[in-house]
Amino acid sequence: MSAWFCFLSVPVFASAVVVQVNDAAGKPLADVVVYAEPESGAAVPGNPKPALIEQAGLQFKPLVSVIQAGSQVSFPNNDKVRHHIYSFSPAKKFDQKLYSGVAAAPQVFDKAGTVVLGCNIHDRMIAYVKVVDTPYFAKSGADGVARVDVPVAGKYTLRVWHFNMAAGAAAEQPLTVKAGDAAAIFKLAMKPPVAGTETHAH
């Protein structure tokens, strides 16, 4: 089984979901994308916000980004060498040829899915953009904790995703938010580290 989780309701009057994500050995996982979508299929607010993924020290920073579909992402190059960044992912295909400084124009990520970034010049450069159809999302820190703010009442599907999880697809569970906080715990089985991410600064 690749993912284990439990759900708790905590009667504190706030609209937040606090999620703890660990690996199979119980170690907290950083860079886990956590997002909530209404179970009813109800429309969610469209609130795409600009994001930035820089190139510095021959790395993409941050390693993992999460954005709502429709967001623009800029890719400034703060290295002294030029980069040629690209993605072949179905959710977003693009190619920004050799450049330094600020790229000519931001890229619009208008389709939900997972986008893997690379550099044609520096093969070990890699980053991930998780594009979601909801504004209710967060990313876990070094302690494995992510806090997702949601409307006070409603039924949601809570999903978690990590670029190196063994299952590939996001793990999920149903979630009911009433007049209080909710808490969830996920345990994810992981694959061996992806080349280029082992020493990445989170």
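Mature numbering (1 follows the signal peptide of the UniProt record, and there is no 0) puts the sequence shown at residues -16 to -1, 1 to 186. Every residue, glycine too, gets a C-beta built ideally from N, C-alpha and C.
Asked, Found
"Run of the beta strand (DSSP E) containing Asp165, from where it starts to where it stops", "Asp165 to Leu172"
"Spatial distance of Phe170 from Lys114 (CA atoms)", "18 Å"
"Alpha-carbon to alpha-carbon, Lys11 and Val129", "12 Å"
"Chain-order list of residues whose beta-carbon lies under 6 Å from that of Ala(-3) (same chain, five-residue window excluded)", "Low per-residue confidence applies at Ala(-3): pLDDT is 49, beneath 50, and the placement is therefore not dependable, though the value from the model is reported in the following sentence. Correct list, in chain order: Asp165."
"Residues near Val92 by beta carbon distance below 6 Å, same chain, minus five either side", "Gln56"
"Residue from Ala154, Val3, Glu21 and Gln43 with nearest C-alpha to Pro106", "In the sequence on display, residue 106 carries His and not Pro. Closest option to His106, Cα to Cα, is Gln43."
"Contact the region 7 to 27 vs the region 65 to 75: 3+ CB pairs below 8 Å", "no"
"Whole-Å CB distance - Ile51 paired with Ala35, under 8 Å assumed", "5 Å"
"Closest by C-alpha distance to Asp94, when choosing among Gly30, His67, Arg131 and Pro22", "Gly30"
"DSSP-derived helix/strand/coil call for Ser71", "strand"
"CB of Ala96 within 7 Å of CB of Asp117, strictly", "yes"
"Beta strand (DSSP E) runs contained entirely in the region 91 to 143, provided each spans 3 or more residues", "91 to 93, 97 to 103, 110 to 116, 121 to 123 and 129 to 133"
"Pro32 (DSSP reduced to helix, strand or coil)", "coil"
"7 Å Cβ cutoff met for Ala111 and Val2", "no"
"Cut-off 6 Å between Cβ atoms - residues of its own chain near Val86, not counting five sequence neighbours on either side", "Pro60"
"Endpoints, beta strand (DSSP E) assigned at Ser55", "Ser55 to Ser58"
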